[in-house]
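Engineer: Handing you a structure now.
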Amino acid sequence: MLKLCSCGEQMALSLRTVIFAKKVNITNVPVYSCDICGRNDVFHGVKDDVGRLISQLGAVSDSRSIPFDQVHEWASLLSDLRTQMKKLQPSDVARATEERTNQLLDLLNLASSLGDESWKQEIQSRLAQLSAQYIL
Ligand SMILES: [Zn+2]
């Protein structure tokens, strides 16, 4: 979960606001940023989800703000983690992701035993979002 910047510095994982079409603020997007040269790269594993969110907006007429951590499981986890500690450490992120995955797998078992298909699908899509950290 470490990435090198083009300037040679190590980039740190953080949550940033991404501005689209100068009107839409998407807040709490996982981003790699470089303290030295100020470069920001949206975390690769969530790029598709950010793109999908933007395409769902359609034509943008009003300024608005969308909290990405409310629509994306891994961004939500990072956001929770950041309220507990200032800096996102890869080891803490990995541990929290594993815990959240286990919780969701327990829920998936419950949904399966209840035969609740729509709940199962919802949990499966949240599990898929958690795997974002492995998509580099
Ligand atoms: Zn840099």
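Residue numbers for the sequence shown follow my numbering, beginning at 13 and rising by one. The beta carbon of each residue, even a glycine, is placed where N, CA and C say it ideally should be.
Short check: CB of Val-36 to CB of Arg-76, under 7 Å?
Structural biologist: Cβ atoms of Val-36 and Arg-76: closer than 7 Å.
Engineer: Shorter than 6 Å, the distance from the beta carbon of Ile-78 to the closest heavy atom of ligand 1, or not?
Structural biologist: No, the Cβ of Ile-78 stays beyond 6 Å of every heavy atom of ligand 1.
Engineer: When DSSP labels each residue in this structure, what does Phe-15 get in the three-state scheme?
Structural biologist: Note on identity: in this sequence residue 15 is Lys, with Phe being the wrong assignment. Lys-15: strand per DSSP, three-state reduction.
Engineer: What are the boundary residues of the alpha helix (DSSP H) that Leu-100 is part of?
Structural biologist: Element bounds for Leu-100: n/a, residue is neither H nor E.
Engineer: Using the three-state DSSP reduction, which class does Val-83 fall into: helix, strand or coil?
Structural biologist: Of the three classes helix, strand and coil, the one that applies to Val-83 here is coil, per DSSP.
Engineer: Determine the contact status of Gln-115 and Gly-57, defining contact as a CB-CB distance below 7 Å.
Structural biologist: Not a contact, by the Cβ cut-off of 7 Å.
Engineer: Using C-beta distances below 7 Å, list every residue in its chain close to Ile-66, excluding the 5 sequence neighbours before and after it, in chain order.
Structural biologist: Phe-32.
Engineer: Please name the residue in Ser-143, Cys-17, Gly-70 and Leu-25 whose C-alpha comes closest to that of Ser-91.
Structural biologist: Of the candidates Ser-143, Cys-17, Gly-70 and Leu-25, the one whose C-alpha sits nearest the C-alpha of Ser-91 is Leu-25.
Engineer: Can you find at least 3 beta carbon pairs, one from the segment 43 to 63 and one from the segment 123 to 135, that sit closer than 8 Å?
Structural biologist: With the cut-off at 8 Å, the segment 43 to 63 and the segment 123 to 135 do not touch.
Engineer: Could you pull the DSSP bridge partners for Gln-22 from this structure?
Structural biologist: DSSP lists Leu-16 as partners of Gln-22.
Engineer: Quick check on DSSP: helix, strand or coil for Arg-94?
Structural biologist: Arg-94: helix per DSSP, three-state reduction.
Engineer: Going by beta-carbon coordinates alone, are Ile-135 and Ile-78 separated by less than 7 Å?
Structural biologist: Not a contact, by the Cβ cut-off of 7 Å.
Engineer: Check whether the Cβ of Arg-51 lies closer than 6 Å to any heavy atom of ligand 1, and answer yes or no.
Structural biologist: Yes, Cβ of Arg-51 sits closer than 6 Å to a heavy atom of ligand 1.
Engineer: First and last residue of the beta strand (DSSP E) that includes Ile-66?
Structural biologist: Counting along the chain, Ile-66 falls outside any beta strand (DSSP E), though it belongs to the alpha helix (DSSP H) covering 56 to 69.
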